[in-house]
Amino acid sequence: MFRNSRMTNNLQHALVIGGGIVGNLTAYLLATRGFKVTVIEADSLGSHASGFAFGELGDLEGAGIPDPLLNFSVWCNKRHESLSTELYEVSGIDNEFTTVQRVTLAFTSEEETRLKDHLKWQTQVEEYDTYWMNPDELTALEPRISSRCLGGAYISNAKAVEPYRCTLAAAQSAQKLGVETLLRKVTNLLGRGGTCEGVEFFGGRIQSDLVVLAMGPWTKLASEWCGIDIPVTPLKGQMLRLKTNGEPLKASFHYGSSYAASKSDGLIWAGTTEETVGFDETTTVEARDGIMADLLQSLPFLEDAELNQQTACLRPWSSDGIPIVCKAPGWDNLYICTGGGRKGILWSTGMAEGIVDIILNRNSVVPSLEELHISRFRGI
């Protein structure tokens with residue numbers, strides 16, 4: 053199978069490799085700029101981390117925040133709000149963008165000190181209403197919280213989306229604009245002298261004017277194709293979806309590296325793990341027991357909750373926890389857009405908008421894009 057998809061008119065043809073949230077948003081945005089776009093996905097759209105993420109847009113804590121990505125993260129969150137409306141108008145799919153209360157809990161004096169230190173700069177972010185809650189205030193918010201809790205950093209107006217619907221809205225909006233999707237496993241690039249002419253896959257090849265590598269943790273496999281060490285590895289995360297007869301949680305609660313929140317499906321989603329186990333996406337009893345143990349330390353009333361589903365996904369984790377969004381060094385028309393890690397849903401808007409601006413070689417409204425270039429890794 054050989055497909056020559058180079059345009060005979062003025063339309064440029066872009067190949068986006070990867071059918072997760074970043075790949076589909078990139079395809080959609082390229083289509084709105086007049087590109088002919090094909091998305092190539094090895095499995096099915098949103099079948100990995102983009103479809104099984106938590107979906108909360110935590111832009112005030114985590115990897116790269118506040119330095120160097122606070123402004124980038126806040127921008128990404130704002131873009132989710134406008135984009136959710138835009139994609140709904142095109143696709144008819146509601147990605148359930150919503151405002152939620154969020155509390156990061158402290159159970160030790162060290163955690164309390166750290167969270168209060170973070171509040172010193174978090175309270176300066178004008179987009180958010182955030183402050184410290186003492187134990188009495190926390191109990192008033194959620195009476196079922198553990199009496200061991202020393203307090204928590206509270207955000208009254210955090211944001212969240214439903215991750216699979218977010219990915220589906222982007223994919224179907226792209227398809228409405230003529231984006232084609234091929235379910236194929238890419239095996240190599242077609243290249244000559246620094247110019248990428250397309251890709252090979254099992255059973256054929258397809259030519260194009262440019263290629264975007266948005267393959268999540270599988271982007272690492274492209275290192276051999278393009279001669280660049282792309283420092284991204286899979287970080288496995290497991291999550292539990294729990295059924296309880298009680299009232300929904302009054303907020304999303306975060307503790308250590310874990311969380312719990314009531315979702316629109318009526319279940320409490322609790323997670324997560326951080327496992328370096330290669331491309332193993334199976335769920336484990338050990339992860340289930342560990343997540344439940346952490347959860348019950350914070351919300352002991354869930355001891356009798358029924359396990360409805362356990363999921364696992366592989367997040368694309370760069371070696372410094374920050375995304376990689378840039379033109380591939382040494383290539384004229386090959387681009388890298390990956391490495392969202394545990395913030396892939398949040399950062400997807402800025403990553404997609406940023407890579408499209410780079411492709412168009414124009415000044416971007418996305419802040420801090422220069423921090424996302426792969427050249428920050430020594431030797432690249």
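For what it's worth, the numbering used here labels the leading residue of the sequence shown as 53, then goes sequentially. Idealized CB from N, CA, C, for every residue including glycine.
Distance from the CA of L229 to the CA of D95, rounded to the nearest whole angstrom, comes to 22 Å. Per DSSP, P381 is not a residue of any alpha helix (DSSP H), being assigned neither H nor E. Judged by beta-carbon spacing, L97 lies beyond the 8 Å limit of A221, meaning their Cβ atoms are not closer than that value. CA-to-CA, the gap between M291 and T84 works out to about 35 Å. Closest in C-alpha terms to L139, from the list N76, D169, R367, I280, comes N76. Here DSSP, grouped into helix, strand and coil, assigns L81 to helix. In the three-state reduction of the DSSP assignment, A221 falls in the helix class.
Under DSSP, G204 shares a beta bridge with L157, M185. Taking the CA atoms as reference points, I69 sits about 27 Å from G110.
Shortest Cα-Cα distance from G86 to any of P419, V408, V418 involves V408. Looking at the backbone, the Cα of W277 and that of T390 are separated by about 16 Å.
CA-CA distance, A345 to T160, rounds to 17 Å. Cα atoms of L366 and G268: separation of roughly 8 Å, rounded to the nearest angstrom. Taking the Cα positions, P195 is about 20 Å away from T182. Straight-line spacing of the CA atoms in K379 and G246 works out to 12 Å. Looking at the backbone, the Cα of Q349 and that of T191 are separated by about 15 Å. If you look at W321, you'll find it in the beta strand (DSSP E) that goes 320-323.
Beta-bridge annotation (DSSP): L386 is paired with V263.
In this structure, the CA atom of E232 is about 19 Å from the CA atom of G144. Scanning its chain for C-beta atoms nearer than 6 Å, with the 5 sequence neighbours on each side dropped, one finds around F104 the residues T363, C365, in chain order.
Nearest in C-alpha terms to V126, of all of N147, I280, S400, is S400.
Within the same chain, A158, L202, G203 come within 7 Å of E164 by CB-CB distance, once the 5 residues on both sides are set aside. With 16 or more other Cβ atoms from the protein chains shown falling within 10 Å of its own Cβ, S136 counts as buried. Secondary structure note for F124: its alpha helix (DSSP H) is the uninterrupted segment 122-143.
If you draw a straight line from the Cα of N360 to the Cα of I320, it comes to about 10 Å. Classified as exposed, D169 has fewer than 16 neighbouring CB atoms from the shown chains inside 10 Å of its CB. In the DSSP assignment, T401 falls within the alpha helix (DSSP H) that extends over 396-411. Considered as a whole, the segment 244-307 harbours 274-278 as its complete alpha helix (DSSP H) runs of no fewer than 4 residues, in chain order. Residue burial annotation: K211 is buried, with at least 16 other C-beta atoms found within 10 angstroms of its C-beta. By a beta-carbon distance limit of 8 Å, G396 contacts I73. Their separation comes to about 7 Å.
Cα atoms of F254 and R236: separation of roughly 7 Å, rounded to the nearest angstrom.
Its Cα nearest to that of L112, the residue I207 stands out among I207, P300, G243. Residue environment: R200 is assigned as exposed (fewer than 16 neighbouring CB atoms within 10 Å of its CB, all protein chains considered).
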